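**Student:** Structure below; questions to follow.
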Amino acid sequence: MRRLLRNIILFIVILDTTSLCQVYKVPLLLKHFAEHQSLDHEITFSDFLSMHYLGKDLNDNDDDKDMQLPFKKVEAHTSNFIFAPNTPVFTFRRVYLPVKAEYGPAVSQVDYSTVLGSLFRPPRV
């Protein structure tokens with residue numbers, strides 16, 4: 001169950017971070033690797049990737065196939081969606097509601113001492 005969940009999450013992340021047309025080219029990558037492996041049996045997949053993506057490719061007259069591999073060419077596809085609603089002029093109305101204060105003391109506290117709120121005062125015994 002964990003393996004299935006991991007594969008699903010990995011699949012979602014790959015589709016989210018790469019364009020879908022590059023994911024469609026993965027079978028071409030595997031097919032091209034099989035062709036290179038048929039020519040040289042000692043080549044590994046990491047050698048194949050480093051040869052095609054990091055280093056210089058062999059001069060084996062398959063440049064057309066090499067350029068069909070995923071992430072060999074940068075293809076930028078963008079689509080913009082602008083939503084502009086067709087509505088008449090919208091204005092805000094102010095609604096004034098009466099506010100009743102039903103909290104606090106019933107008698108207003110007008111007489112207060114500033115000494116009680118002082119930060120530095122002598123300690124009481």
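Each step along the sequence shown adds one to the number in my numbering, with nothing skipped, and position 27 is 27. Note that CB positions come from ideal geometry on N, CA and C, so glycine has one too. What you are looking at is a predicted structure, and each value in this text was computed from that prediction instead of being measured.
1) Report the residue ranges of all alpha helix (DSSP H) runs contained in full by the segment 21-87; include only those spanning at least 4 residues, in chain order.
2) Within the same chain, show all residues whose beta-carbon is closer than 8 Å to that of Tyr24, passing over the 5 residues directly before and after it, in chain order.
3) Spatial neighbours of Pro70 within its chain, please: CB distance less than 7 Å, with the 5 preceding and 5 following residues excluded, ordered by chain position.
4) Return the CA-CA distance between Asp63 and Thr87, expressed in angstroms with no decimal places.
**Tutor:** According to the data block:
1) 26-39, 45-49, 63-66
2) none
3) Gln22, Lys25, Val26, Leu29
4) 56 Å
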